[in-house]
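Some notes on the structure that comes next.
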Amino acid sequence: MDVIAAINKEIFNHLRGNTEGSILTVFMGNKNIRVGRALRSDVFPYITFGIRPFVDPLMPLLGTGTLEFHLWDKNSLMTRINNMRDKLIWLMDLHEFPLLREEGEVKEAEGVRTFFDSSDMIEEEEEFIQHMVLLFTCKYIRKSNIDVPD
20 MDVIAAINKE
30 IFNHLRGNTE
40 GSILTVFMGN
50 KNIRVGRALR
60 SDVFPYITFG
70 IRPFVDPLMP
80 LLGTGTLEFH
90 LWDKNSLMTR
100 INNMRDKLIW
110 LMDLHEFPLL
120 REEGEVKEAE
130 GVRTFFDSSD
140 MIEEEEEFIQ
150 HMVLLFTCKY
160 IRKSNIDVPD
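Letter 93 of the sequence shown, counting from 1, is numbered 112 in our numbering, and no numbers are missing.
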């Protein structure tokens with residue numbers, strides 16, 4: 020599993036599975052959280068997310084990426100989407116992910132931590148569709164694939 024897939028998996032599990040993350044899904048009334056794009060059949064509200072990685076050639080073991088969340092709701096009021104935003108920031112800002120691995124898998128990165136940057140509303144043409152974007156910085160230490168001789 021590559022670094023980005025491993026980080027996405029941990030974020031997904033964090034938001035949907037554990038007791039802290041259930042605060043968000045209980046509030047939403049569903050578990051419609053997806054990596055990448057939503058399905059047309061998804062019920063509002065829902066969240067999509069993804070990471071755009073960047074590795075500095077001068078520091079190849081230090082990874083940085085932009086973690087982008089899209090929050091969607093169909094409601095005449097902004098109360099629910101603003102509460103989703105607040106809960107997501109509470110869950111993700113300064114959070115460190117351990118990147119647990121299955122037996123036999125190589126640990127791809129360590130020290131994965133997310134930092135909240137900004138949020139903004141996006142105007143949608145369809146009536147009552149609320150769309151908010153949250154940006155986080157994701158930093159991590161990549162593991163080297165080179166075995167050090169004894």
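The beta-carbon is built from N, C-alpha and C at its ideal position, and this holds for glycine as well.
- Boundaries of the alpha helix (DSSP H) around I23: V22 to R35.
- The C-alpha of A128 is placed about 14 Å away from the C-alpha of M78.
- In this structure N49 is exposed. Its beta-carbon is surrounded by fewer than 16 other beta-carbon atoms within 10 angstroms.
- Annotated as distal: C157 and L81, with beta-carbon spacing of 9 Å or more.
- The residues G82, in chain order, have a CB closer than 6 Å to that of V74 in the same chain once the five nearest residues on each side in sequence are set aside.
- Rounded to whole angstroms, the gap between the alpha carbons of P64 and N32 is 18 Å.
- C-alpha of I148 to C-alpha of V45: approximately 21 Å in a straight line.
- Between L58 and M151 a beta carbon distance of about 19 Å is seen, past the 8 Å cut, so the two are scored as non-contacting.
- Short of 8 Å from the beta carbon of K93, and not among the five residues preceding or following it, lie these beta carbons of its own chain, in chain order: F63, P64, F147, I148 and Q149.
- Exposure of T98 is indicated by the presence of fewer than 16 other C-beta atoms within 10 angstroms of its C-beta.
- Burial of L107 is indicated by the presence of at least 16 other C-beta atoms within 10 angstroms of its C-beta.
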